[in-house]
Amino acid sequence: MKLNSKDLAFLKSFKRDFDNDFSKVIAEDKRLLTYRYAREIALRVAEGGKRLRPILVYLAASLAGYNDIKKIRRLGFVIELIHIASLLHDDVMDDADMRRGKKTVNYQDGNSVAILSGDYLYSLAYRMALEFEKPIPEIISVAASHLAKGQMMETVLSGNFYLSFSDYIRIIYNKTAVMFECAMKIGSMLGGDANISKKLSMFGRYLGYGFQITDDILDYTGSVDLLGKPILSDLAEGKVTIPFVLSRNCSNSSEIKKMKQLWEEKTDFAAVKDWVIENDGIALAKSVCLNYIKKADNLLAGIKNCYEKELLTKIANQTVFRER
Ligand code: FPP
Ligand code: MG
Numbered sequence: 031m032k033l034n035s036k037d038l039a040f041l042k043s044f045k046r047d048f049d050n051d052f053s054k055v056i057a058e059d060k061r062l063l064t065y066r067y068a069r070e071i072a073l074r075v076a077e078g079g080k081r082l083r084p085i086l087v088y089l090a091a092s093l094a095g096y097n098d099i100k101k102i103r104r105l106g107f108v109i110e111l112i113h114i115a116s117l118l119h120d121d122v123m124d125d126a127d128m129r130r131g132k133k134t135v136n137y138q139d140g141n142s143v144a145i146l147s148g149d150y151l152y153s154l155a156y157r158m159a160l161e162f163e164k165p166i167p168e169i170i171s172v173a174a175s176h177l178a179k180g181q182m183m184e185t186v187l188s189g190n191f192y193l194s195f196s197d198y199i200r201i202i203y204n205k206t207a208v209m210f211e212c213a214m215k216i217g218s219m220l221g222g223d224a225n226i227s228k229k230l231s232m233f234g235r236y237l238g239y240g241f242q243i244t245d246d247i248l249d250y251t252g253s254v255d256l257l258g259k260p261i262l263s264d265l266a267e268g269k270v271t272i273p274f275v276l277s278r279n280c281s282n283s284s285e286i287k288k289m290k291q292l293w294e295e296k297t298d299f300a301a302v303k304d305w306v307i308e309n310d311g312i313a314l315a316k317s318v319c320l321n322y323i324k325k326a327d328n329l330l331a332g333i334k335n336c337y338e339k340e341l342l343t344k345i346a347n348q349t350v351f352r353e354r
């Protein structure tokens with residue numbers, strides 16, 4: 031099932047309403063962000079995302095029978111603020127110069143400003159999370175800890191040619207899937223049906239795996255224009271991701287030896303990419319991704335049919351075939 035024009039119109043209007051209020055939340059925050067320079071940076075980085083996590087909060091809340099849109103949107107702000115904060119920090123760690131089609135804050139204003147802007151957005155998110163009843167703030171805080179843990183694992187294991195499939199899965203569970211799970215968990219908790227909440231939380235987790243696997247595939251096969259960020263950056267950063275792991279696992283020892291040397295030299299990324307493609311790394315990674323999306327879809331079986339459920343299924347499927 032593909033997104034049709036009605037779905038695209040719905041997502042566009044969701045994003046427009048979300049973005050309007052989101053920039054107000056940042057612009058009108060008087061407690062910490064009275065310094066104009068900092069406010070401008072925060073507003074700049076808040077622009078341009080897909081708002082996927084807030085949409086998940088909304089769909090999960092709706093499927094759980096909750097419809098106070100103002101409250102749902104505010105919960106979406108919390109998740110999106112944490113997401114943006116983590117990207118600011120990630121770009122410092124990756125020394126990235128482009129994100130969402132624009133120059134990164136670390137590139138334009140330096141690492142210190144990027145780190146502090148991330149710190150500010152994270153603290154704003156947590157302050158807003160406290161508006162919600164227990165255990166929502168704690169769930170969000172634990173998810174953010176996982177985010178940091180996933181990023182730490184990735185950092186420590188970076189440069190390891192022999193990264194295992196299970197370590198890769200552990201990294202993406204922490205750095206991506208947990209936040210998707212959290213978005214759907216807290217959204218559905220607003221409705222108060224524990225059974226639906228359990229299913230939707232797991233849906234979020236599987237979708238998160240699928241999303242990060244696609245992100246890692248697109249780093250090999252995507253277009254800079256569509257993604258708004260450079261490609262083959264994982265290879266440049268010495269990061270081994272799923273297409274690489276799976277092609278390496280299908281290669282014989284003499285080929286692995288050759289590839290290790292090429293990978294370590296960090297000069298001919300195109301040759302490493304060709305090797306990954308020739309050894310089915312992309313196709314195999316896509317099938318792992320599809321498997322997670324199927325698992326996610328199966329969880330919706332017991333939930334009554336409605337527009338929100340249909341849209342969630344389509345978003346999950348779109349995640350595998352997305353180009354941006
Ligand atoms: C992008 O991954 C980065 C993440 C999914 C998470 C980054 C997490 C942190 C920096 C920890 C932050 C912690 C708190 C508490 C805010 P990627 O580099 O694979 O994707 P990219 O290609 O979009 O950069
Ligand atoms: Mg990165």
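According to the numbering used here, numbering within the sequence shown proceeds without interruption in unit steps and concludes at 354. No residue lacks a Cβ here, since even glycine has one placed at the ideal position from N, Cα and C.
{"Query": "G311: buried (16+ other C-beta within 10 angstroms of its C-beta) or exposed?", "Result": "buried"}
{"Query": "Roughly how many angstroms separate the alpha carbons of S116 and G332, rounded to a whole number?", "Result": "34 angstroms"}
{"Query": "Measuring only from the beta carbon, is T185 closer than 7 angstroms to any heavy atom that is part of the ligand FPP?", "Result": "no"}
{"Query": "For the stretch 34-54 against the stretch 101-121, do three or more pairs of beta-carbon atoms, one drawn from each stretch, fall closer than 8 angstroms, so that the two count as touching?", "Result": "yes"}
{"Query": "Taking 8 angstroms as the threshold (C-beta atoms), are G234 and L105 in contact?", "Result": "no"}
{"Query": "Check whether the Cβ of A178 sits closer than 7 angstroms to any heavy atom of the ligand MG, and report yes or no.", "Result": "no"}
{"Query": "How would you write the range of the alpha helix (DSSP H) that L154 sits in, first residue to last?", "Result": "141-159"}
{"Query": "Verify whether the separation of the beta carbon atoms of S147 and V75 is less than 8 angstroms.", "Result": "yes"}
{"Query": "So for M31, helix, strand or coil by DSSP?", "Result": "coil"}
{"Query": "Once you ignore the five residues that flank I169 on each side, which residues in its own chain have a CB closer than 7 angstroms to its CB?", "Result": "C212, K215, I216"}
{"Query": "Hey, which residues come within less than 5 angstroms of the ligand MG, measuring from Cβ to any heavy atom, in chain order?", "Result": "D120, D124"}
{"Query": "What do you reckon, is the C-beta of K259 under 7 angstroms from a heavy atom of the ligand FPP?", "Result": "yes"}
{"Query": "Is any heavy atom in the ligand FPP found nearer than 7 angstroms to the beta carbon of L82?", "Result": "no"}
{"Query": "Counting pairs of Cβ atoms below 8 angstroms between the stretch 235-245 and the stretch 202-209, do you hit three or more?", "Result": "yes"}
{"Query": "Which of the three DSSP states, helix, strand or coil, is assigned to K132?", "Result": "strand"}
{"Query": "Spatial neighbours of V306 within its chain, please: C-beta separation below 8 angstroms, excluding the five flanking residues on both sides.", "Result": "Y250, P273, F274, S277, I312"}
{"Query": "Closer than 7 angstroms to a non-hydrogen atom of the ligand FPP - does that hold for the CB of L193?", "Result": "no"}
{"Query": "Kindly confirm or deny that the stretch 190-201 and the stretch 160-177 touch, where touching means at least three C-beta pairs closer than 8 angstroms.", "Result": "no"}
{"Query": "If we ignore side chains and look at the alpha-carbon of each, how far apart do D127 and T134 end up?", "Result": "5 angstroms"}
{"Query": "List, from N- to C-terminal side, the alpha helix (DSSP H) runs of 4 residues or more that fit wholly inside the stretch 208-282.", "Result": "208-219, 224-251, 254-257, 263-266, 272-279"}
{"Query": "Under a three-way DSSP split, which group does C336 fall into?", "Result": "coil"}
{"Query": "Can you tell me the Cα-Cα spacing of Y88 and K303, whole angstroms?", "Result": "38 angstroms"}
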